[in-house]
Amino acid sequence: MTSQVSSPAEQADEAVVGEQRKPAAGEKDVRRLDRVIIRFAGDSGDGMQLTGDRFTSETASFGNDLSTLPNFPAEIRAPAGTLPGVSSFQLHFADHDILTPGDAPNVLVAMNPAALKANIGDVPRGAEVIVNTDEFTKRAMQKVGYETSPLEDGSLDGFQVHPVPLTTLTVEALKEFDLSRKDAGRSKNMFALGLLSWMYHRPTEGTERFLKTKFAKKPDIAAANIAAFRAGWNFGETTEDFAVSYEVAPAAKAFPTGTYRNISGNLALSYGLIAASRQADLPLYLGSYPITPASDILHELSKHKNFGVRTFQAEDEIAGIGAALGAAFGGSLAVTTTSGPGVALKSETIGLAVSLELPLLIVDIQRGGPSTGLPTKTEQADLLQAMYGRNGEAPVPVVAPRTPADCFDAALEAARIAVTYRTPVFLLSDGYLANGSEPWRIPEVDQLPDLRVQFASGTNHTLDDGTEVFWPFKRDPGTLARPWAIPGTPGLEHRIGGIEKQDGTGNISYDPANHDFMVRTRQAKVDGIDVPDLEVDDADGDAGLLVLGWGSTYGPITAAVRRLRAAGQSVAQAHLRHLNPFPRNLGEVLKRYDKVVIPEMNLGQLATLIRAKYLVDAVSYNQVNGMPFKAEQLATAFKEAIDG
Amino acid sequence: MADTTLAGPTGSETLLKLVPKAEGKQSMKDFKSDQEVRWCPGCGDYAVLAAVQGFMPELGLAKENIVFVSGIGCSSRFPYYMNTYGMHSIHGRAPAIATGLASSRRDLSVWVVTGDGDALSIGGNHLIHALRRNVNLKILLFNNRIYGLTKGQYSPTSEVGKITKSTPMGSLDAPFNPVSLAIGAEASFVARTVDSDRKHLTEVLRQAADHPGTALVEIYQNCNIFNDGAFEVLKDKQQAEEAVIRLEHGAPIRFGTDGSKGVVRDPATGDLKVVAVTAENESQILVHDAHSASPTTAFALSRLADPDTLHHTPIGVFRSTERPVYDTLMADQLDTAIEQHGKGDLAALLAGGDTWTVVG
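Chains as they are written, first to last, in this note's numbering: chain A, 2 to 645; chain B, 2 to 361.
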């Protein structure tokens with residue numbers, strides 16, 4: 002949750018606060034925690050993402066605040082049992098407002114030796130480690146370089162290890178079903194989910210309902226999975242190995258009143274586009290080509306044709322944006338969705354959209370680059386591509402969401418700019434926002450912004466001889482936007498193209514002075530976009546350090562700032578939603594602070610822009626390992642900046 | 002008498018019906034824009050422009066509901082000269098842009114103007130996918146077998162060994178046959194015509210306009226600057242008699258002086274070949290069936306011409322068959338979704354299934 006409300010509880014993002022409740026006779030201990038970080042890890046085929054999703058849904062419906070980090074390989078089924086094949090899902094949930102998926106898990110569920118080996122380094126001593134002992138065969142251990150069994154050689158002595166034969170127990174629980182051992186064993190993720198659901202007092206109805214719906218056509222499979230899920234729960238309740246269960250109370254105080262749901266960034270972004278279409282009263286048209294991690298937006302929008310949404314899966318990235326641009330010419334709210342490599346292919350068409358001055362949303366779910374890079378990992382390294390990756394002077398506004406739920410609002414904002422100013426707009430999300438999820442306060446539909454536009458309907462210019470004509474490039478003096486005259490409007494027939502055009506008439510013009518004027522005018526239009534001032538969170542008012550961020554680093558930056566403040570440090574924080582144009586007050590804000598640190602998941606792209614534009618000696622703090630920042634690492638970096 | 006009306010497919014009428022009709026009578030002048038036409042004097046493009054402007058009044062559509070979309074190249078300046086809506090886009094991408102426009106606006110008549118370089122080289126991918134999807138587009142492919150705008154490099158339809166600025170020792174790559182390519186790409190309508198034959202060009206345009214789905218019209222067009230006379234053999238009256246095969250649906254495929262030559266199927270290979278017509282073989286002469294569900298014979302016809310001499314070049318409609326139109330199917334899915342789930346309710350969508358409420 003991204004609420005700005007401050008309370009003592011949320012300051013303490015680093016320590017798990019526990020309180021023990023005395024058990025009644027015959028009952029197991031129940032401990033209260035204020036927050037927990039769980040990581041499910043297994044083979045790509047073990048269903049860890051599904052398990053994590055289900056635990057998240059249970060947690061959301063229970064009312065905790067939460068933040069998630071799915072982490073999986075690009076291969077659909079990497080070789081079984083290998084380190085590259087490990088898929089994991091980390092979930093942080095709390096009784097208070099939290100900002101990140103958490104730095105280090107309190108509980109690791111390792112479904113095989115590879116999962117243990119790949120993840121144990123992130124787990125602090127003293128944490129609980131649940132391992133599926135069935136998979137710890139000599140061969141499986143050798144595959145990942147364990148000479149001796151980590152379950153027996155003492156290397157896990159510092160952890161609270163729960164060795165559980167998950168596969169055997171699952172197969173045993175499903176013996177009355179007519180399933181092979183192999184098929185029955187597949188439900189071991191549901192057994193593990195049941196066990197963890199017991200450990201953390203999660204509601205179970207949602208998961209049972211989910212399984213019934215998911216396997217509606219295979220009732221036997223649904224029943225087997227539910228049986229495995231319940232068996233996992235009962236195992237926790239009866240076995241002595243699990244002596245304690247935990248309660249994490251709902252985060253009622255952290256949330257403003259309202260109705261909530263859990264939502265991922267790509268889902269929120271999809272809903273934002275549908276909402277923008279409704280608010281603009283324009284049909285939504287998506288032209289797209291499948292690419293990780295953006296494809297889920299194509300999948301989602303294609304489900305909502307009853308909202309008048311047209312989705313076109315094109316032959317390539319270029320055709321995806323081309324079709325969208327064609328639809329924009331025809332009066333649709335046009336969108337193309339992609340990731341960095343796709344943006345590279347779309348560049349020429351983005352330039353055409355700049356030249357034609359038509360509204361178009363370019364959604365870039367950034368991933369690790371260059372080239373194919375790390376398709377399933379996150380990065381923020383497309384900022385300069387979005388800003389400058391075109392031939393000629395081709396300014397494009399850039400908007401970036403900060404959290405998964407914020408993708409909804411950012412989509413509406415990008416649409417506002419596009420339709421108001423008749424321009425392509427970049428919406429820069431990333432893999433971390435796209436797949437991560439958090440609770441979202443469902444907005445009231447009647448509170449959404451009004452994005453309605455006026456299509457041109459008649460002549461707009463009088464020639465010297467008194468003739469009334471339509472000039473496709475005669476601009477609105479306030480916004481510098483040109484009229485949006487869609488085909489089908491009588492009397493406004495006109496031709497537009499990528500060749501430089503004469504101011505006003507839009508006719509082809511190679512006149513040097515006119516080109517200079519048009520280049521400057523297109524730039525002025527983007528520079529003049531009305532964006533809100535940057536808000537600075539400077540709690541004490543005496544901070545010397547400003548931390549400036551953009552995009553998905555919001556969570557870890559804010560968590561780190563809270564830690565420093567909890568430790569008595571003054572630090573100011575500001576987070577940019579608009580990267581082009583920058584908020585009007587940005588220069589003034591930067592000059593108020595002795596030091597400016599800019600953390601980015603790239604090698605300093607925003608810092609480059611800031612230094613060039615404002616001549617401020619901003620310091621870059623960078624990480625490009627495909628993973629989001631950890632709060633602890635940022636807190637350390639900010640502390641060094643304050644001290645240094 | 003041969004059936005040359007070809008108005009056949011029932012969907013055509015209904016699709017054109019979606020486009021509003023002009024209120025008054027139109028003339029060629031109504032379709033001329035105020036822009037000066039800037040092709041080289043003598044360019045074949047002038048003839049095509051005149052034919053299209055002359056044909057448009059016959060369609061009788063509201064001109065504000067007509068859109069011309071082009072890519073890059075000499076022919077792609079075409080939209081600037083039509084007093085309709087138009088977009089001069091970027092190299093090769095016109096079919097993609099037009100697909101978005103046509104599939105979102107079924108009340109428009111959308112035309113693509115492209116050239117051999119634009120459509121078959123840089124934009125080859127978009128062309129074949131537009132054809133297989135059968136979007137309601139009319140694609141006019143001006144084929145002059147040369148790059149004109151960049152001043153004379155060989156194109157993907159140039160004959161092998163073409164000496165140009167970029168191939169001083171002769172071009173190495175085998176050319177595309179646009180008609181063969183289109184048929185191979187599942188095109189539902191494929192025709193070929195010649196810039197200088199206004200009557201034939203107009204008739205082909207008429208049939209293309211009528212066709213529901215993507216219509217590809219290859220227009221042999223003379224570039225008098227960089228590839229002059231490329232199609233002379235098809236234009237010179239005397240030579241044309243032997244070189245040109247005029248395809249008419251339902252008519253035996255005959256050509257030459259007094260129809261002395263004809264096309265028959267070789268029983269051994271199934272291929273087509275040209276024979277001298279005799280009393281014995283007259284009944285064997287292939288009768289052209291543009292509506293055939295199978296593209297096999299249309300493809301074989303497209304292979305008849307000698308790529309070097311252009312002898313035995315069929316012109317006319319090779320193939321005109323009806324199959325589902327992409328934009329219609331897309332619109333139907335939207336209607337079906339509303340029938341099944343009701344019109345979208347944003348509040349219900351945002352709320353989803355699992356929610357919880359926090360009270361103050």
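Built from N, CA and C at the ideal position, the CB exists for glycine as well.
Cβ neighbours of residue i in the same chain (closer than 8 Å, five flanking residues each side left out)
i	result
THR522/A	ARG476, LEU481, ASP504
ASN515/A	GLU501, GLN503, ASP504
LEU591/A	LEU547, LEU549, VAL597, ILE611, TYR615, VAL617, ALA619
Rounded C-alpha distance that separates residue i from residue j
i	j	result
PRO114/A	LEU84/A	9 Å
ASP119/B	GLU380/A	36 Å
GLU414/A	SER430/A	13 Å
GLY12/B	LYS306/A	Here the model assigns GLY12/B a pLDDT of 44, short of 50, so the residue's position is not dependable and the matter cannot be decided.
HIS212/B	SER77/B	23 Å
PRO21/B	GLU65/B	9 Å
GLY101/B	VAL165/A	56 Å
THR373/A	ASN603/A	16 Å
VAL288/B	GLU187/B	22 Å
MET519/A	ASN135/B	38 Å
ARG653/A	GLN54/B	Because chain A is modelled from 2 through 645, residue 653/A falls outside the range shown and cannot be assessed.
PRO42/B	PHE79/B	15 Å
PHE319/B	ILE73/B	27 Å
Distance CB(residue i)-CB(residue j) smaller than 9 Å
i	j	result
SER167/B	GLY45/B	no
ALA395/A	VAL355/A	yes
SER172/B	SER159/B	yes
SER71/B	MET88/B	yes
LEU67/A	ARG563/A	no
ILE292/A	ASN267/A	no
GLY341/A	ARG368/A	yes
ALA416/A	VAL399/A	no
LEU17/B	LEU60/B	yes
LEU362/A	ALA406/A	no
SER438/A	THR57/A	yes
VAL646/A	GLY43/A	Not covered by the structure: residue 646/A. The range shown for chain A is 2 to 645.
ILE286/B	ARG255/B	yes
ARG403/A	GLY552/A	yes
ASN84/B	GLU589/A	no
GLY125/B	ASN145/B	no
Contacting residues, own chain, Cβ-Cβ under 6 Å from residue i (five flanking each side not counted)
i	result
ILE509/A	ILE500
ALA573/A	VAL537, ASP539, ALA544, LEU547
PHE41/A	MET49, THR52, GLY53, PHE90, VAL110
GLN524/A	PRO396
TYR155/B	LYS163, THR165, THR168, SER172
Contact list for residue i against chain B, beta-carbon separation under 7 Å
i	result
LYS306/A	GLN334, LEU335, ALA338
ASP317/A	ASN126
LEU326/A	ILE98, GLY101
LEU353/A	SER90, ILE91
Listed by chain order, chain A residues near residue i by CB distance under 8 Å
i	result
ILE123/B	Those within 8 Å of ILE123/B in chain A number zero; the least Cβ separation is about 10 Å.
8 Å Cβ cut-off: residues of chain B touching residue i
i	result
PHE256/A	VAL359
ILE275/A	GLY345, LEU347, LEU350
Residues that residue i contacts on chain A, provided the C-beta gap is smaller than 9 Å
i	result
ASN135/B	Correct list: empty, because the minimum Cβ distance to chain A is about 14 Å.
Cut-off 7 Å between Cβ atoms - residues of its own chain near residue i, not counting five sequence neighbours on either side
i	result
VAL532/A	HIS579, PRO582, PRO584
Proximal chain A residues relative to residue i, where beta-carbon distance stays under 7 Å
i	result
GLY87/B	ARG496
Partners in chain B for residue i, counting only beta-carbon separations shorter than 9 Å
i	result
SER438/A	Near SER438/A there are no residues of chain B at all, since even the closest Cβ is about 12 Å away, more than 9 Å.
Which full runs of the beta strand (DSSP E) of 3+ residues lie inside the region 93-140 of chain A, going along the chain?
-> 108-111, 129-133
Secondary structure, alpha helix (DSSP H): runs of 4+ residues fully inside the region 187-225 of chain A | 189-200, 206-215
Beta strand (DSSP E) segments (min. 3 residues) lying fully within the region 66-123 of chain B = 67-71, 86-89, 110-116
What are the start and end residues of each continuous beta strand (DSSP E) run of 3 or more residues lying completely inside the region 232-294 of chain A, in chain order?
-> 245-249, 259-265, 285-289
At 3 residues or longer, and completely inside the region 376-458 of chain A: list those beta strand (DSSP E) runs for me, N to C.
-> 425-431, 438-442
Unbroken stretches of the alpha helix (DSSP H), 4 residues or longer, contained in the region 269-302 of chain B | none
Hey, which unbroken runs of the beta strand (DSSP E) at 3 residues or more fall wholly within the region 218-248 of chain B?
-> 245-247
Write down every uninterrupted run of the beta strand (DSSP E) in the region 304-361 of chain B whose length is 3 residues or greater and which is fully enclosed by it, in chain order.
-> 314-321, 357-359
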